[in-house]
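Protein chains in written order, with the working numbering: chain A, 1 to 113; chain B, 114 to 226. The next block holds one structure in the form of structure tokens; read it before the comments.
Right, here's the structure in full:
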């Protein structure tokens, strides 16, 4: 059974500092990995999708890497801003399991002005 | 991308009653899913909504408690039956779109009193 873990559970940084969020998964037979952002009282917003054949994806200040063999992904957010404060969730998809997502517990981020 | 609308966005329900949540997508999608997010927790998959046939439920979720309909490729409903305070959660609809990206609705926040 696939298990997804996110460390740390919470993170507080001063504005301008780079953020590093970690995600690990136990079964490397994934189809893709997706990072989401969730603001309080809101649903999930898709940030980045990395296919199993890719090693990283970039969008603006966000960069996500994937090391399938070691079961790890890292989300980097450069030059953090107070607006980056949210919970960040990673999820893996296993095609053989019907395209379902297995989620990590999330990392709650606070960027202090 | 896919735009997903969920109704209701919030509700306060009496113990023992049932509530139906609607999910409408702006385009035809092959796969629709229902997730639950309990307070302070990550997301757990309830079931995959199958068009024209019975939903596929995950371990720990049963049809009598969470009946699901999917009459076409753009619409699904989830009913939470005979509610108790333990059912107080966010219920999220999600769809599989092009590129195997998963998109989520804004969620339906249910409080059972």
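The beta-carbon is built from N, C-alpha and C at its ideal position, and this holds for glycine as well.
Tell me the residue span of the beta strand (DSSP E) that contains residue 100/A.
The count along the first chain starts at 1 and reaches residue 100/A at position 100. Here the beta strand (DSSP E) through residue 100/A covers 100-103.
Counting Cβ pairs closer than 8 angstroms, one from the segment 174-189 of chain B and one from the segment 78-90 of chain A, do we hit at least three?
no
Quick check on this structure: which residue in 180/B, 213/B, 127/B has the alpha carbon closest to the alpha carbon of residue 196/B?
For the purposes of this step, residue 196/B is taken as the residue at position 83 of the second chain. Out of 180/B, 213/B, 127/B, 127/B has the C-alpha closest to the C-alpha of residue 196/B.
For residue 28/A, which of helix, strand or coil comes out of DSSP?
If you number the first chain from 1, residue 28/A lands on position 28. Residue 28/A: coil per DSSP, three-state reduction.
For residue 32/A, count neighbouring C-beta atoms within 10 Å of its own C-beta (all shown protein chains included) and say buried if the count is 16 or more, exposed if not.
Reading the first chain from its first residue, position 32 is the one you call residue 32/A. With 16 or more other Cβ atoms within 10 Å, it is buried.
Beta-bridge pairing of residue 219/B - partner residues as DSSP gives them
For this step, residue 219/B is matched to residue 106 along the second chain. Paired residues: none, contrary to the question.
Compare the C-beta of residue 33/A against all C-beta atoms of chain B and say whether one is closer than 8 angstroms.
Counting from one through the first chain, the residue named residue 33/A turns up at place 33. Closer than 8 angstroms: no.
Any C-beta of chain B under 8 angstroms from that of residue 99/A
The residue given as residue 99/A occupies position 99 in the first chain. Yes, because at least one Cβ of chain B sits closer than 8 angstroms to the Cβ of residue 99/A.
Does any C-beta atom of chain B lie closer than 8 angstroms to the C-beta of residue 43/A?
Against the first chain, residue 43/A aligns to sequence position 43. Yes, contact with chain B.
Does DSSP classify residue 3/A as helix, strand or coil?
Here the question's residue 3/A lines up with position 3 in the first chain. Coil.
For the segment 212-222 of chain B against the segment 162-177 of chain B, are there 3 or more C-beta pairs whose distance is under 8 angstroms?
no
For a contact defined as C-beta to C-beta under 7 angstroms, what are the partners of residue 217/B on chain A?
Looking up residue 217/B in the second chain gives position 104. The answer, in chain order, is 43, 44.
Stretch pair the segment 164-178 of chain B + the segment 105-112 of chain A: three plus CB contacts closer than 8 angstroms
no
Strand pairing of residue 123/B, partner residues [DSSP]
Looking up residue 123/B in the second chain gives position 10. In DSSP, residue 123/B forms a bridge with 222/B.
With DSSP as the reference, identify every bridge partner of residue 77/A, one or two as the case may be.
On the first chain, residue 77/A is found 77 positions in, with the first residue counted as 1. Its beta-bridge partners are 19/A, 62/A.
Look at residue 39/A and residue 86/A and say whether their C-beta atoms are less than 8 angstroms apart.
As a first step, residue 39/A is located in the first chain; it is residue number 39 there, counting from the start. As a first step, residue 86/A is located in the first chain; it is residue number 86 there, counting from the start. Yes; because the gap between Cβ atoms is below 8 angstroms, this pair is in contact.
Touching by the beta-carbon criterion (3+ pairs, under 8 angstroms), the segment 134-142 of chain B and the segment 116-125 of chain B
yes
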